[in-house]
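In what follows, a structure is listed as structure tokens, so that the remarks can point back to it.
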Amino acid sequence: MDVRIGVTQTPREISLELADDQDRAALKARIEAALTGAVDVLWLTDKKGRDVGVSAAKIAYIELGAAEGERRIGFGG
Numbered sequence: 010m011d012v013r014i015g016v017t018q019t020p021r022e023i024s025l026e027l028a029d030d031q032d033r034a035a036l037k038a039r040i041e042a043a044l045t046g047a048v049d050v051l052w053l054t055d056k057k058g059r060d061v062g063v064s065a066a067k068i069a070y071i072e073l074g075a076a077e078g079e080r081r082i083g084f085g086g
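Here it is, written out as structure tokens:
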């Protein structure tokens, strides 16, 4: 699953590719906890095992992409 995080006062976004077995509902709950102030840092682990922490106060937006198996290529529907 692709995740893109926009950070305030920074022109670049953080792009991560999470493991395909990542639970989407659990990830959304962790994101909500960060955005509501329950935690100060949102920690995510990418497919390669790299841990990335983003200050919850600096998150502008988060975009969750489709899981690897859900991606479509081409013009078909």
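Just so you know, we're using this note's numbering here: the sequence shown kicks off at 10 and counts up by one. Cβ atoms here follow ideal geometry from the backbone N, Cα and C, with glycine treated the same way.
Nonlocal neighbours in the same chain, by C-beta distance under 8 Å from residue i, ignoring five residues either side
i	result
Val61	Ile23, Leu25, Trp52, Leu53, Thr54 and Asp55
Ala75	Met10 and Asp11
Length of the line joining the Cα atoms of residue i and residue j
i	j	result
Leu44	Gly15	13 Å
Gln31	Asp49	22 Å
Ala47	Thr17	19 Å
Cβ neighbours of residue i in the same chain (closer than 7 Å, five flanking residues each side left out)
i	result
Ala28	Lys56
Ala38	none
Identified DSSP bridge partners for residue i
i	result
Glu72	Arg13
Leu25	Val12
Same chain only: Cβ atoms within 6 Å of residue i, ignoring 5 sequence neighbours per side
i	result
Ile71	Ile14 and Ile40
Leu36	none
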